[in-house]
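Mapping the sequence shown onto the UniProt record's numbering, position 222 (from 1) lands on 222, and the numbers just tick up by one.
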Amino acid sequence: MASNLGTWIHEIGAGWLMTSLDPSPSMVAAVRTAMAAPIVFLAIPVGVLGDRVDRRRLLILTQLVLCATTATLSLLTFSGVITAWMLLSLTVVMGIGMVVHVPVWQAAVPELVPRNQLSRAVALGSISFNLARAVGPAIGGILIAAAGAWIAFAMNALSFAGVVAVLVMWRRDRRESTRGLSFRMAMYQGLRFVVINKTMRHVIIGVVLFILPANALWSLLPLVAKERLGWDAGGFGFLVGCVGVGAVVAAWILPRLHRLFGADRTIAVAMAFFALGLAVTGWSTTGWIVCLATLLMGATWMMTLTTLNATAQMTLPGRMRARGMGCFLTAMAFSMTSGSILWGQLAEHTSIQTTQLIAAAVLVATATVSLSFKIGNRVHQEHVGTTR
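Pasting the structure below:
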């Protein structure tokens, strides 16, 4: 929870700092691109690494790198020498650190909980993440308004240090690895499973169909707050907090939706309602209406990605879980990176309003297409009931 809180405080600091260093839509969107781009190229190789080496030691090393990077960013910002390109460069380094951390950590989750509790663990992880998203941006906005963006990065550095302390205390059992295979063969084995297994293949397609248009929310939200609503850093933090509150509410009702409608219909409907929220955000400049729209988008973002994530983790065999989750994260990062570039450039040449309305229309179309790529309900029928 503390680490998630630090991450969201940092996210607010980086996005808001760029609006001061270079407020063009393409540069503001580039902050998210810089974080996601390393994942596109490295997540699958890192997944192979996560299935071959001690995950605990790899996670500790990663957290130390992330701690040092955010501490450096904090010092540069505090001293006033930070530039837009320095911010982007350090964000790329953070992206490299996160590309190691996320698939390896997600692969380690099934080692910590029984299989019949995995859906609950994934849901609790989402609740923790989104509780942090609900309060972290508000805290970040207050801190930034009071002391500046440097404090947001300093808080994140402290959160990484806390994670290192927890990992040092974790005593991991020895597990089956792929060390006997060559690196290339291990990578091929993971990719082959994702391509051949119908459920995993459809999960990856679903990730792309959703995130590519939906990322218009995250890419342009700092500018929505600053230019369309006329809000300061605190207001921006509150807006992101609304997304988090919506996601927390969705976490509690998601199992019931799965039981009533099935996973596939839940995903398609959630995507359609996200498109509605995006269209309202593009249309309205009234604060409370935009807040309600971001609440809706937070809920439907969580419903879609938690369903896809849980399905992936339950489908993948333990021996190649890090590689499979690496493929999952590559699809996410590719969609985020491409979406950030696309929507940032479109907003640069048209307007924020037009861009969000176009993204909403695209999302309605991809929601319809997603019904052709069913992930099935068997996994959720077996396990999601435990989240009640």
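The beta carbon of each residue, even a glycine, is placed where N, CA and C say it ideally should be.
query	result
Distance, G50 Cα to E176 Cα	Unreliable positioning characterises E176 in this predicted model, as indicated by a pLDDT of 49, which lies under 50. The coordinate reading is nonetheless provided below. The alpha-carbon atoms of E176 and G50 are separated by roughly 12 Å.
Test item: CB-CB of residue 401 and S219 under 7 Å	Residue 401 is absent from the structure shown; the chain starts at 1 and stops at 388.
Coil, strand or helix - V384 by DSSP	Per-residue confidence for V384 stands at a pLDDT of 41, beneath the threshold of 50, marking its modelled position as unreliable; no derived number is given.
Nearest-angstrom Cβ-Cβ length linking T300 and F261, presumed shorter than 8 Å	Actually they are not in contact, since the Cβ atoms of T300 and F261 sit about 14 Å apart, beyond 8 Å.
Contact belief for A36 with V208 at Cβ below 8 Å, rounded distance in angstroms	About 13 Å; that fails the 8 Å criterion.
The stretch 317-327 touching the stretch 274-282, judged by at least three CB pairs closer than 8 Å	no
Exposure of M297, with buried meaning 16 or more beta-carbon neighbours within 10 Å	buried
Buried versus exposed call for D54 [16 or more other C-beta atoms within 10 Å across all chains shown]	exposed
Rounded distance between the beta-carbons of V40 and T337, thought under 8 Å	6 Å
Proximity winner among V163, W170, V48 and T304, relative to R319 (alpha-carbon distances)	V48
Under the three-state DSSP convention, the category E176 falls into	Residue confidence is low: E176 scores 49 on pLDDT, short of 50, so the model does not pin down where it sits. No coordinate-derived value is stated.
Cut-off 8 Å between Cβ atoms - residues of its own chain near I289, not counting five sequence neighbours on either side	V280
Secondary structure of D232, DSSP reduced to three states	coil
Nonlocal neighbours in the same chain, by C-beta distance under 7 Å from V194, ignoring five residues either side	M200, R201, I204, G324 and C327
Inter-stretch contact (C-beta, 8 Å, three-pair minimum) for the stretch 236-249 and the stretch 354-363	no
Assumed close pair L229, G287 - CB separation to whole angstroms, cut-off 8 Å	6 Å
Proximity of S3 and V102 at Cβ, strictly below 7 Å	no
Exposure label - W16; buried when at least 16 CB within 10 Å	buried
Beta-carbon spacing of A154, T91 below 7 Å	no
Start-to-end residues for the alpha helix (DSSP H) that takes in I204	K198 to A214
Residue from V65, V135, I44 and R57 whose Cα sits closest to the Cα of E11	V135
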